[in-house]
Amino acid sequence: MTEQLRLMTVHAHPDDESSKGAATMAKYVDEGVKVLVATCTGGERGSVLNPKMDRPEVLADIANIRRAEMTKAREILGVDQAWLGFVDSGLPEGDPLPPLPEGCFGLQDPEEAAKPLIKLIREFRPHVMTTYDENGGYPHPDHIMCHKISVVAFEAAGDPEKYPELGEPWQPLKLYYNSGWTRARMLALHEGMLAAGLESPYTEWLEKWEDRDDRGDKITTRVECGEYFHVRDDALRAHATQVDPDGFWFRIPLELQQKVWPTEDFELARSVVDSPVPESDLFAGIHEHADA
Numbered sequence: 001m002t003e004q005l006r007l008m009t010v011h012a013h014p015d016d017e018s019s020k021g022a023a024t025m026a027k028y029v030d031e032g033v034k035v036l037v038a039t040c041t042g043g044e045r046g047s048v049l050n051p052k053m054d055r056p057e058v059l060a061d062i063a064n065i066r067r068a069e070m071t072k073a074r075e076i077l078g079v080d081q082a083w084l085g086f087v088d089s090g091l092p093e094g095d096p097l098p099p100l101p102e103g104c105f106g107l108q109d110p111e112e113a114a115k116p117l118i119k120l121i122r123e124f125r126p127h128v129m130t131t132y133d134e135n136g137g138y139p140h141p142d143h144i145m146c147h148k149i150s151v152v153a154f155e156a157a158g159d160p161e162k163y164p165e166l167g168e169p170w171q172p173l174k175l176y177y178n179s180g181w182t183r184a185r186m187l188a189l190h191e192g193m194l195a196a197g198l199e200s201p202y203t204e205w206l207e208k209w210e211d212r213d214d215r216g217d218k219i220t221t222r223v224e225c226g227e228y229f230h231v232r233d234d235a236l237r238a239h240a241t242q243v244d245p246d247g248f249w250f251r252i253p254l255e256l257q258q259k260v261w262p263t264e265d266f267e268l269a270r271s272v273v274d275s276p277v278p279e280s281d282l283f284a285g286i287h288e289h290a291d292a
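Under UniProt numbering, the residues of the sequence shown are numbered 1 to 292, in order.
If you want it as structure tokens, here you go:
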């Protein structure tokens, strides 16, 4: 394929791009693919999850700090990034759950909220898009809305009769959902830690797994990217308000991760090219489509 391949990943908040598919992005960047992260919100209502950053001056300037963290993570990953301009909904807690804040991303009309993403698609012209499944990966209102606008945009961007004011039509060829923590992946890492004589951080999670949604049977595509796990981790650490560098996410040695589960996994949700599954490449079928 003579044209440069292009990948767009759509995420709800700054830091999501570094925890979901980051090693895959780094791999494709290294291979010459142009990668653009579309970030729906600024993460303004995100909690400070790193005790070392839980300070009044950080909380007072959280919006600017999170934008600066995103800049640093983007540079580490080697990707471009665009803000879609929506306001973080926060994660409602309590029983019953409180209403979402007025004007937030989670309360938008998906057909209307998809407009800036459609415009971005028509400008960037990605061959492949990734986003979250219909449950958002986990039920955060911004993740669910991210899924909704991504599907609307994927299906509308190539239609000249829809949103004609947003630019020349462009049809992405494939849409994937990020696969998160499946039971199989967690169990493999858990058993790998025990076999190495190390304490597993997943014992309690596995004991309670029956209460979790598991989409492991929906995975269609496994991208080998273990050699880029360190890039993923560096990008995660750049989001210092959200990720404790001494915390849970970094307790599995990189070498063990690379040995036990060296892939990032995806679910092929839409495709307009012929690409039989299982796959090992998000661009499978696209080279052949271009040649045809």
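Idealized CB from N, CA, C, for every residue including glycine.
For clarity, every value in this text was computed on a predicted model and none was experimentally measured.
Simplified DSSP state of residue i, which is helix, strand or coil
i      : result
Gln258 : helix
Leu166 : helix
Val223 : strand
Trp83  : strand
Val277 : coil
Thr203 : helix
Ala292 : Model confidence at Ala292 stands at a pLDDT of 45, short of 50, so the residue's coordinates are unreliable; what they give is reported in the following sentence. It is coil, neither helix nor strand.
Tyr28  : helix
Val33  : coil
Pro141 : helix
Ile252 : coil
Val151 : helix
CB contact flag (residue i, residue j, <7 Å)
i      : j      : result
Ala153 : Ala195 : no
Pro110 : Ile149 : yes
Glu17  : Val33  : no
Phe105 : Thr41  : yes
Arg55  : Gly90  : no
Lys20  : Asn135 : no
Leu189 : Ile144 : no
Phe229 : Leu254 : yes
Phe283 : Leu5   : yes
DSSP beta-bridge partners of residue i
i           : result
Leu268      : Tyr176
Thr263      : Glu224
Val128      : Leu7 and Lys174
residue 293 : Nothing can be reported for residue 293: it is not among the residues displayed for the chain, which extend from 1 to 292.
Inter-residue CB distance, residue i and residue j (contact presumed, cutoff 8 Å)
i      : j      : result
His11  : Cys146 : 7 Å
His239 : Asp88  : Not really, about 14 Å apart at Cβ, beyond 8 Å.
Thr241 : Ile65  : 6 Å
Cβ contact (3+ pairs, closer than 8 Å) linking the stretch 74–85 and the stretch 21–37: With a cut-off of 8 Å, the stretch 21–37 and the stretch 74–85 count as touching, because enough Cβ pairs lie within range.
The stretch 117–125 touching the stretch 156–168, judged by at least three CB pairs closer than 8 Å: Put simply, the stretch 117–125 touches the stretch 156–168. At least three CB pairs are less than 8 Å apart.
Cβ pair count under 8 Å reaching 3, the stretch 255–273 against the stretch 166–177: The stretch 255–273 and the stretch 166–177 touch, with no fewer than 3 CB-CB distances between them shorter than 8 Å.
Segment contact flag, the stretch 179–194 with the stretch 275–286, C-beta cutoff 8 Å, min 3 pairs: With the cut-off at 8 Å, the stretch 179–194 and the stretch 275–286 do not touch.
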